Amino acid sequence: MSNMAASSTAGDALQGLKALLKSSTDLISQLESFLHSIAVNKASEATAPPSSSSSTTESIDPLSLAHDSATLIKAHTTKLSLLIINEPFTPSAISKVLRELVAGPIPALASAVQICDANKYTVVARQDLAWRCYRVLKELKSLVEIIPSNGKVLPNAQKNGTKGDKGSMAATGVIWAACDDVILLKKIGFAGLLVKKAEEYRDTLKDILEELKEYSEEVDEDEDDDDSGDTGQAQGNEINNVADQMQNTHISTQEMLDDLMNPRHIPRDDPDKIRERLESCLKRLRLTTLLYTAIIKRRLKTIPRLPIAAEIPVAQHLDEVFPLLKRLPHRFGEVACAFYELDRDAIDRAMDSCFFDAFAASEMLMKPWEGKRDEFTDWAEKFQVGIKKPD
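Numbering (this note's numbering), first residue to last: 8 to 398.
Right under this line is the structure:
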């Protein structure tokens, strides 16, 4: 009789686990969708999760709540990971961990994003926090979905991963990494997050600067030969080579890509004054990288602690300038492509856009958060003169 009772209890526990797995997955999916909508700036389409009253959440720091929630999710993930691979398989123990996750840290993680008001903390920070929290839930759902509901532990193939599947052990590691990304935010704070983003944008600008410097040092070696007869012969050979290639059905994709990726060199006679434009661009691109460094030091690292009680629209101000800071590396990438194509008109259009945005960014941050002028104000005025006319 006792064996039958034990069997019945085990069966009930397994049925309970199956039901809990479905409800847990449904909840995670709902919150995942909510966070993703905010992360891609489509919050109006999101269905907000149940939340505490505004008076309760007013004093809660979003990053602290996210930190504590991610820490708990990381710990509970470790427990789940061990329970699903070690004998004996215990549905009741797995259910206990899942209930704790569903009752506490999972909804709390979404709540942290919900109370991260863009008007207080910036849209930039809210979207970044939402993206990090979304990744945690996305990866956690992948682990929950492979929890066995057949009463047996995971076989080695699902534990270690096969045929492209990462397996439960690797999935656990991915969740830990996603949780660590959320946990880090409390350490660096909102200002630190904005500094990190601006540094990434600046580093991309520096990479583009180095590429253009290398390009400026290259010369068109074909121009060395002024003999028109030799040129005609070379052109004839080139035509024959193209004809041979057209007949050759084994031209590799890589060869075609290499041809596309090799930039055209500036000709020695330079009728469109491409080199003159390149030198001007390099000078102003250097100035722009210095602008980012100055903004990071004199504006982002001096941001008052958010949210601030004073009537200073810091968050709104930052949300106006950050799209420019983010867009400039892409714009300079377009400038580089125009140079590689030797497209004079495209170069002029792209450079005008870049330097207009750089000028606007310096103008937006001209004044300190409090007061009228500081060292950055003086430097930015000189920057604006240089960005208009680098020579």
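Just so you know, even glycine gets a beta-carbon here, dropped at the ideal spot from N, CA and C. Being a predicted model, the structure only gives us computed values, none of them experimental.
Other residues of its chain near residue i: CB distance less than 8 angstroms, five sequence neighbours each side excluded
i      : result
THR384 : MET373, LYS374 and PRO375
ASN126 : ALA322 and GLN323
ILE80  : LEU108, PRO112, ILE113, LEU116, VAL143, LEU147, ILE182 and CYS186
TYR208 : TYR299, LEU332, LYS333, LEU335 and PRO336
LYS2   : With the chain covering only 8 through 398, there is no way to say anything about residue 2.
GLU382 : ARG305
Span of the alpha helix (DSSP H) around residue i
i      : result
GLY199 : 174-224
ASP359 : 351-371
HIS337 : 321-347
LEU313 : Where LEU313 is concerned, there is no enclosing alpha helix (DSSP H), given that its DSSP letter is neither H nor E.
SER156 : Element bounds for SER156: n/a, residue is neither H nor E.
SER5   : Any question about residue 5 goes unanswered here, given that the chain covers just 8 to 398.
LYS290 : 281-302
ASN163 : 163-167
Close beta carbons around residue i, own chain, < 6 angstroms, minus the five adjacent residues each side
i      : result
ALA20  : PRO98 and SER99
GLU225 : HIS272
PRO69  : ALA119, ILE122 and CYS123
LEU90  : ALA100 and ILE101
7 angstroms Cβ shell around residue i - same chain, five flanking residues per side excluded
i      : result
PRO270 : TYR222 and TYR347
TRP386 : ALA301
LEU28  : VAL151, ILE154 and SER156
ASN93  : VAL160
GLN391 : PHE366 and SER369
GLN134 : ILE45, ALA46 and ASN48
VAL328 : ALA368, MET371 and LEU372
LYS166 : ILE92, GLY174, SER175 and MET176
SER149 : ALA178
LEU24  : PRO98, ILE101, SER102 and SER156
Local conformation of residue i per DSSP, three classes
i      : result
ILE122 : coil
GLU382 : helix
THR129 : coil
GLU107 : helix
GLY23  : helix
VAL392 : helix
GLY18  : helix
VAL47  : coil
PHE96  : coil
LYS29  : helix
GLU377 : coil
SER36  : helix
C-alpha distance - residue i paired with residue j, whole-angstrom precision
i      : j      : result
HIS324 : THR169 : 50 angstroms
SER71  : GLU107 : 19 angstroms
LEU292 : LEU335 : 10 angstroms
SER369 : ILE315 : 23 angstroms
LYS204 : ILE354 : 27 angstroms
VAL342 : ALA82  : 48 angstroms
ILE35  : LYS280 : 59 angstroms
ASN163 : ILE215 : 47 angstroms
ASP172 : SER88  : 16 angstroms
LYS333 : THR179 : 33 angstroms
GLY393 : ARG356 : 19 angstroms
THR78  : THR84  : 10 angstroms
ASP210 : THR296 : 8 angstroms
SER76  : ASP352 : 53 angstroms
LEU313 : GLY158 : 50 angstroms
LEU349 : GLU377 : 46 angstroms
ASP188 : PRO278 : 52 angstroms
LEU307 : LYS290 : 25 angstroms
CYS288 : CYS140 : 40 angstroms
ALA132 : MET358 : 30 angstroms
ASP326 : VAL130 : 6 angstroms
TYR128 : SER360 : 29 angstroms
SER30  : PHE41  : 17 angstroms
ARG284 : ALA345 : 11 angstroms
PHE363 : ALA110 : 51 angstroms
LYS86  : PRO311 : 40 angstroms
ILE67  : GLU286 : 52 angstroms
LYS400 : ARG338 : Because the chain in this structure spans residues 8 to 398, residue 400 falls outside the shown range and cannot be described.
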